[in-house]
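Going by this note's numbering, the first sequence opens with residue 3, and the numbers climb by one from there.
Cβ atoms here follow ideal geometry from the backbone N, Cα and C, with glycine treated the same way.
As the structure is a prediction and not an experimental result, all values here were calculated from the model.
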Amino acid sequence: MNTIKVTLKDGSVRELAADASAYDLALDISDGLARQSIAAEVNGKIVDLNRKIDDGAEVRIITVNMPEAHEILLHSTAHIMAQAVKRLYPDAKVTIGPALEERFYYDFDMPQALTEEDLPRIEAEMEKIIKENQLVSRSEMPRDAVKAFFKSINEDYKLEIIDEIPDEETVSVYSQGEFSDLCRGPHIPSTGKISAFKLLSVAGAYWRGNQQNKMLSRVYGTAWPDKKGLKKYLNRLEEAKKRDHRRLGRELDLFEINEQVGMGLVLWYPNGALLRRLIEDYWYKVHRQKGYELVVSPHVGKADLWETSGHLGFYKESMYAAMDVEGQDYFIKPMNCPFHIMIYKSHQHSYRDLPIRYAELGTVYRYELSGALHGLMRVRGFTQDDAHIICTPDQLNDEVEKLLGFSFDYLKTFGFTEFEVYLSTRPDEKFVGAPESWDIAQKSLKDSLVNMGIDFKVDEGGGAFYGPKIDIKIKDAIGRVWQCTTIQFDFNLPERFEMKYVDADGSFHRPYMIHRAIMGSLERFIGILIEDTAGRFPLWLAPVQVKVLPIADRHFEYSQEIALMLEEAGIRVQTDARQEKTGYKIREAELKKIPYMVIIGDKEAGEGSLSVRKQRLGDLGTMTPQTFLERLQTEIATKQKE
RNA sequence: GCCACCAUAGCUCAGCAGGUAGAGCGGCGGUUUUGUAAACCGUUGGUCGCUGGUUCGAUUCCGGCUGGUGGCUCCA
């Protein structure tokens with residue numbers, strides 16, 4: 003009998019029967035490994051476990067617990083779900099069902115939309131399929147045969163997908179029991195390999211995400227190597243729920259979005275407004291330090307301005323309707339740029355004046371679909387931490403590098419340490435400006451990133467029509483990623499507004515312009531900050547920093563003294579003089595996530611000391627008022643995170 | 001905007017196979033002078049989101065609207 007040789011990850015070589023599959027290899031190594039295995043990596047490519055191995059291949063068995071296995075688990079579970087749905091609702095047509103990062107979904111075209119109530123039934127049917135432990139098999143077939151097959155079972159969507167698969171790619175079908183699905187794979191060897199899954203929600207989703215198309219029923223679910231993993235994930239969802247900024251916003255009295263005021267419009271309560279103001283103050287301070295000039299622009303502008311800027315041409319669907327002012331149309335601003343440009347144009351500028359950096363916390367209004375609104379994260383009126391940098395072509399590199407450094411420093415100040423950076427380049431079809439200008443700008447952006455040693459991904463063709471951009475996303479405390487900073491070139495507006503500067507030789511030139519926002523929007527950034535910190539803001543941002551808790555009425559006078567001393571030192575302090583037990587006052591301060599509590603009883607009043615308690619950590623012991631104040635001041639000055 | 005679901009006291013929620021509602025917390029009043037996450041007693045809170053319809057009668061059933069949630073799309 004012929005044999006083949008395969009190399010394992012550790013470099014060792016094994017001899018197997020000529021027709022051996024990856025599973026046979028796993029079995030040959032150990033029964034335990036075989037049991038745990040769900041796929042194999044052959045010559046760097048992840049394939050099905052029952053795929054035959056070629057002689058000389060380098061093979062690694064993928065077991066359920068490996069990170070690479072998760073996507074397969076999710077994807078295979080999606081198939082099991084589709085199978086279950088087809089069993090329960092034979093009229094359902096399957097469409098697509100990919101794995102996401104920790105979840106999967108499958109979209110179905112249903113005669114009647116699925117609801118939450120259908121989920122337990124589907125889950126039960128899935129359990130059955132898993133118990134049946136059906137073998138999952140892959141077959142590669144000629145396109146026509148595949149099409150004929152899906153046509154025979156009325157899966158129209160699959161036909162549409164097949165037509166879009168590039169010719170050079172092989173078309174494969176995965177089958178388990180009575181269910182077959184067009185799929186690239188790989189998949190688990192049999193349905194019994196799934197041991198922990200849960201369906202999470204149903205939602206509507208347009209076929210191919212296009213509003214013109216039919217609304218499908220989407221079911222989201224998740225799958226994990228074991229029950230423990232599933233439980234951990236579900237706990238994480240719970241944790242995220244606890245951090246939900248909408249809930250904390252109410253609990254901590256930060257803000258409200260009021261029905262009578264209007265959807266997507268934020269009312270900032272005193273605590274939230276204070277938090278916001280602290281961020282604004284810091285923002286103004288560092289921008290002045292970084293050479294920005296602060297400008298202020300109006301909330302509305304005449305139609306002519308928006309005509310010139312092109313917004314009425316390409317952005318109208320996001321703008322609110324015109325208002326008539328003495329026979330003239332005015333529009334509420336969706337962006338600040340035209341105003342900043344008008345400020346630039348008010349004077350003639352020499353090359354010596356550049357770069358000019360105009361910054362404004364500019365509140366803009368954009369029409370967002372009602373269904374897209376979400377707490378502070380997506381609203382209709384929001385404040386951009388906007389700035390426009392106007393410079394000469396040879397100042398570009400320097401400006402971009404400064405800007406990147408500034409952005410990272412700024413975000414780090416708020417405790418964010420992990421970033422994802424994206425460079426988006428010129429779109430294929432629609433763009434303004436000369437391709438050469440794009441090349442210069444893109445090169446400048448790229449060089450800056452490389453020079454600064456920043457890891458980034460390139461989103462080829464992902465730029466706006468008016469220029470390439472760099473986006474920075476931040477990762478929060480529970481690993482979620484949020485888009486904040488955006489640094490965008492603009493070849494459009496300088497042209498439209500005929501911006502210019504006078505060069506050394508006296509000739510006029512068009513300056514380069516960069517739009518940038520570091521936080522993106524204040525509303526959204528604060529929303530992210532709330533979720534990142536779970537409402538436990540760093541001391542420098544906490545609306546109330548210290549709560550003074552006299553134990554009995556006789557301690558009130560000394561408590562007042564302490565509160566006054568702290569207040570005079572610039573600490574935001576409140577005294578809880580109610581006739582309540584200390585435990586009760588502490589509990590309340592804890593729930594309001596006030597960073598420090600100062601407890602004052604006979605002992606403290608007698609010796610002129612303080613008993614200090616830190617939120618969540620508990621009793622820090624007794625210290626002098628001076629020591630405590632110094633501790634606070636250090637923590638504030640260093641903007642230390644909780 | 002579209003699909004599904006949801007809307008009961010300030011908050012969290014129970015209830016009603018149709019006969020106009022209840023708890024805990026909070027608020028208020030009192031007693032307690034209190035030591036590191038909830039003292040005790042009393043009391044006040046609701047056009048059951050709005051609006052039509054069915055019905056002798058609707059918070060409950062049906063329709064419309066408004067708002068919210070999860071998605072789709074877009075993006076700060």
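Anyone know if the C-beta pair for residue i and residue j falls short of 8 Å?
{"i": "residue 22", "j": "residue 6", "result": "yes"}
{"i": "residue 596", "j": "residue 247", "result": "no"}
{"i": "residue 476", "j": "residue 421", "result": "yes"}
{"i": "residue 527", "j": "residue 434", "result": "no"}
{"i": "residue 518", "j": "residue 389", "result": "yes"}
{"i": "residue 391", "j": "residue 357", "result": "yes"}
{"i": "residue 395", "j": "residue 442", "result": "yes"}
{"i": "residue 427", "j": "residue 403", "result": "no"}
{"i": "residue 546", "j": "residue 565", "result": "no"}
{"i": "residue 285", "j": "residue 278", "result": "no"}
{"i": "residue 90", "j": "residue 123", "result": "yes"}
{"i": "residue 340", "j": "residue 311", "result": "yes"}
{"i": "residue 266", "j": "residue 381", "result": "yes"}
{"i": "residue 55", "j": "residue 44", "result": "yes"}
{"i": "residue 189", "j": "residue 74", "result": "yes"}
{"i": "residue 168", "j": "residue 51", "result": "no"}
{"i": "residue 18", "j": "residue 26", "result": "yes"}
{"i": "residue 472", "j": "residue 425", "result": "yes"}
{"i": "residue 355", "j": "residue 520", "result": "no"}
{"i": "residue 110", "j": "residue 96", "result": "yes"}
Could you give the C-beta distance for residue i and residue j, rounded to a whole number, given that I count them as a contact under 8 Å?
{"i": "residue 299", "j": "residue 362", "result": "6 Å"}
{"i": "residue 175", "j": "residue 148", "result": "6 Å"}
{"i": "residue 352", "j": "residue 548", "result": "Incorrect: roughly 52 Å between the Cβ atoms, too far for contact."}
{"i": "residue 346", "j": "residue 567", "result": "At roughly 49 Å, the Cβ-Cβ gap does not stay under 8 Å, so residue 346 and residue 567 are not in contact."}
{"i": "residue 562", "j": "residue 577", "result": "7 Å"}
In the DSSP assignment, find the unbroken beta strand (DSSP E) run with residue i in it and report its ends.
{"i": "residue 437", "result": "It is not in any beta strand (DSSP E) - residue 437 instead sits in the alpha helix (DSSP H) that spans 437-453."}
{"i": "residue 351", "result": "Looking at the DSSP string, residue 351 is not in any beta strand (DSSP E), and its letter there is neither H nor E."}
{"i": "residue 223", "result": "217-226"}
{"i": "residue 625", "result": "620-625"}
{"i": "residue 464", "result": "No beta strand (DSSP E) holds residue 464; DSSP gives it neither H nor E."}
{"i": "residue 476", "result": "471-477"}
{"i": "residue 651", "result": "Since the first residue of the chain shown is 3 and the last is 644, residue 651 is not available in this structure."}
{"i": "residue 316", "result": "Counting along the chain, residue 316 falls outside any beta strand (DSSP E), though it belongs to the alpha helix (DSSP H) covering 313-316."}
{"i": "residue 148", "result": "Per DSSP, residue 148 belongs to no beta strand (DSSP E); it is in the alpha helix (DSSP H), 145-154."}
{"i": "residue 359", "result": "358-367"}
{"i": "residue 390", "result": "383-393"}
Quick check on the DSSP output: the alpha helix (DSSP H) that includes residue i runs from which residue to which?
{"i": "residue 529", "result": "524-535"}
{"i": "residue 43", "result": "Residue 43 -> not in any alpha helix (DSSP H); beta strand (DSSP E) instead, spanning 39-44."}
{"i": "residue 409", "result": "398-415"}
{"i": "residue 203", "result": "Where residue 203 is concerned, there is no enclosing alpha helix (DSSP H), although the beta strand (DSSP E) it sits in stretches over 198-208."}
{"i": "residue 572", "result": "First-last for residue 572: undefined, no H or E at that position."}
{"i": "residue 584", "result": "584-593"}
{"i": "residue 107", "result": "Note, residue 107: premise wrong, no alpha helix (DSSP H); beta strand (DSSP E) at 106-111."}
{"i": "residue 28", "result": "24-31"}
For the ligand SAM, I want to know if residue i counts as a neighbour, meaning its beta carbon is within less than 7 Å of at least one of the ligand's heavy atoms.
{"i": "residue 158", "result": "The model on display carries no ligand, and the ligand SAM is accordingly not part of it."}
For residue i, count the other beta carbons within 10 Å of its own beta carbon; 16 or more makes it buried, fewer makes it exposed. Which is it?
{"i": "residue 342", "result": "buried"}
{"i": "residue 42", "result": "buried"}
{"i": "residue 86", "result": "buried"}
{"i": "residue 510", "result": "exposed"}
{"i": "residue 260", "result": "exposed"}
{"i": "residue 338", "result": "buried"}
{"i": "residue 349", "result": "exposed"}
{"i": "residue 437", "result": "exposed"}
{"i": "residue 643", "result": "buried"}
{"i": "residue 586", "result": "exposed"}
{"i": "residue 2", "result": "Outside the shown range of the chain, which is 3 to 644, sits residue 2, and nothing can be said about it."}
{"i": "residue 203", "result": "exposed"}
{"i": "residue 116", "result": "buried"}
Since residue i sits in a beta bridge, which residues does DSSP pair it with?
{"i": "residue 429", "result": "Bridge partners of residue 429: none, in fact."}
{"i": "residue 286", "result": "In DSSP, residue 286 forms no bridge with anything."}
{"i": "residue 138", "result": "178"}
{"i": "residue 127", "result": "Beta-bridge pairing links residue 127 to no other residue."}
{"i": "residue 552", "result": "602"}
{"i": "residue 72", "result": "For residue 72, which the question treats as bridged, DSSP gives no partner whatsoever."}
{"i": "residue 615", "result": "599 and 621"}
{"i": "residue 484", "result": "476"}
{"i": "residue 319", "result": "Beta-bridge pairing links residue 319 to no other residue."}
{"i": "residue 345", "result": "Bridge partners of residue 345: none, in fact."}
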